[in-house]
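A.B. asks: At the far end of the sequence shown sits residue 126, using our numbering, and the numbering has no gaps.
Okay, handing you the structure first.
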Amino acid sequence: MTIFQKIIDGEIPCSRLYEDDRCLAFKDIQPQAPFHALVIPKKPVEMIAKADEADEALCGHLLRVAAKVAKDAGYEAFRLVMNNGEAAGQSVMHLHVHVLAGRDMTWPPG
Ligand code: DGP
């Protein structure tokens, strides 16, 4: 079981920003920007590459919720990141969207 599943199950606390029947958004414990949230599906999809056709609406919902939590926190500009696989920086094998805001972002990302 991943740490995010434990957060969904309420076994580990989080700083919750938004929740509905399909997803949960909370503050990242290791923030990489003044605002850093994570949006995760309640369904245990391992990573975006493992999402199937039936998950399309869910994936779109995660992106809309990501935009909402940034807006609700007062940010018009924000960056969304999904790391897919260890080599891409994914450390928790439960699909999540990073929402980063509150500082200038550089490109290309590291
Ligand atoms: P990634 O490296 O893309 O898999 O991102 C995982 C993120 O999850 C990382 O930025 C740190 C965050 N994280 C790990 N454990 C916890 C936790 O227990 N609580 C919270 N709020 N965030 C966590």
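Ideal Cβ positions, reconstructed from N, Cα and C, are used throughout, including at glycine.
Predicted, not measured: the structure shown is a model, and the values here were computed from it.
What three-state label does DSSP hand GLU62 in the structure shown?
C.D. replies: Correct three-state label for GLU62: coil.
A.B. asks: Starting from ALA83, trace the alpha helix (DSSP H) in both directions and tell me its first and last residue.
C.D. replies: Per DSSP, ALA83 belongs to the alpha helix (DSSP H) from 72–88.
A.B. asks: Which residues bound the beta strand (DSSP E) around ILE56?
C.D. replies: 51–57 is the extent of the beta strand (DSSP E) around ILE56.
A.B. asks: If I measure Cβ to Cβ from ALA89 and keep anything under 6 angstroms in the same chain, skipping five residues before and after, which residues do I get?
C.D. replies: Closer than 6 angstroms at the Cβ level, and outside the excluded window around ALA89, lie PHE51.
A.B. asks: Of the residues ILE23, ALA103, ASP25, GLU92, which one's Cα is nearest the Cα of ASP120?
C.D. replies: Among ILE23, ALA103, ASP25, GLU92, the Cα nearest to that of ASP120 belongs to GLU92.
A.B. asks: Consult DSSP for GLU92 and reduce its assignment to one of helix, strand or coil.
C.D. replies: Three-state DSSP puts GLU92 in coil, outside helix and strand.
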